[in-house]
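Going by the working numbering, the sequence shown opens with residue 1, and the numbers climb by one from there. Yeah, the Cβ is synthetic: ideal placement off N, Cα and C, and Gly gets one too. Only a predicted model underlies this, so the values are computations on that prediction, with no experimental measurement involved. Presented below is the structure to which this report refers.
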Amino acid sequence: MLCCSSFFTRRWWRSCGLTTPTPARGLPREMLAFREELDVLKFLCKDLWLAAFQKQMDSLRTNHQGTYVLQDNSFPLLLPMAAGLQYLEEAPKFLAFTCGLLRGALCTLGIESVVTASVAALPGCKFQVVIQNS
1 MLCCSSFFTR
11 RWWRSCGLTT
21 PTPARGLPRE
31 MLAFREELDV
41 LKFLCKDLWL
51 AAFQKQMDSL
61 RTNHQGTYVL
71 QDNSFPLLLP
81 MAAGLQYLEE
91 APKFLAFTCG
101 LLRGALCTLG
111 IESVVTASVA
121 ALPGCKFQVV
131 IQNS
C-alpha cells in the first residue's frame, strides 16, 4: 500500500518532467562500501544525481575539514524558472526537497550532516554540506 506522501512525491517528480528516483537500481553492491567521506560525496555527485536527475553534478569542492560544496550549473528543477530574474529570490525554496534528499542519503550511509542551498544565478545552484562530528 502506498502512503500519501509517496504518491505525491512521485506525482511531483513526474510534473517536473523527471522519473521517480531509484538510486539502488543498477548500482553494484561493492560501490556501497566507502572508505572516506569524500568517496560518499563523489557517489552522491555522480551516481545518485544521475539516478535522480539524469545528469551528474557539475562540481564538488571541499576544504578537507568536513565542508563540501556541490555545484550544479543547470539544475533541472530550476530550469523552468531560468527565464526570468523575478524568480531568483524564490528559487531557494524549491531546493528544500533536494537538501533533504542529500541529507537523507548521507544519513543512510552513516554520515550526519547539515545541508543548505543557495542560488546566485538561475538555473544554477550550490549545496553546502557540513559534516557533523560525532
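Over the uninterrupted alpha helix (DSSP H) stretch that includes residue 39, give me the two end residues.
-> Residue numbering aside, residue 39 sits at position 39 when the sequence shown is read from its first letter. For residue 39, the uninterrupted alpha helix (DSSP H) segment begins and ends at 37-43.
Leaving out five residues on either side along the sequence, give the residues of the same chain with a beta carbon under 6 Å from the beta carbon of residue 118.
-> Working through the sequence shown from its first residue, we reach residue 118 at position 118. Closer than 6 Å at the Cβ level, and outside the excluded window around residue 118, lie 126.
Taking the CB atoms as reference points, tell me whether residue 71 and residue 110 lie closer together than 9 Å.
-> On the sequence shown, position 71 is the one that residue 71 refers to. On the sequence shown, position 110 is the one that residue 110 refers to. Against a cut-off of 9 Å, the Cβ pair of residue 110 and residue 71 comes out as no contact.
Option nearest residue 128 by Cα separation, candidates 67, 77, 81 | Numbered from 1 along the sequence shown, position 128 holds the residue referred to as residue 128. Answer by Cα proximity: 67.
Quick one, are the C-beta atoms of residue 53 and residue 43 less than 9 Å apart?
-> Your numbering for residue 53 matches position 53 in the sequence shown. Your numbering for residue 43 matches position 43 in the sequence shown. Their beta carbons are not under 9 Å apart, which means residue 53 does not touch residue 43 by this criterion.
Buried or exposed by the 16-neighbour rule on C-beta atoms within 10 Å, applied to residue 112 = Mapped onto the sequence shown, residue 112 falls at position 112. By the neighbour-count rule (16 or more Cβ atoms within 10 Å), residue 112 is not buried but exposed.
From the DSSP output, which residues share a beta bridge with residue 119?
-> Position 119 of the sequence shown, counting from 1, holds the residue named residue 119. DSSP lists no beta-bridge partner residue for residue 119.
Below 7 Å CB to CB, which residues in the same chain sit around residue 91 once its five sequence neighbours on both sides are set aside?
-> Locating residue 91 in the sequence shown gives position 91, counting from the first residue. Excluding residues within five positions, the ones whose Cβ falls inside 7 Å are 78, 81, 119, 122.
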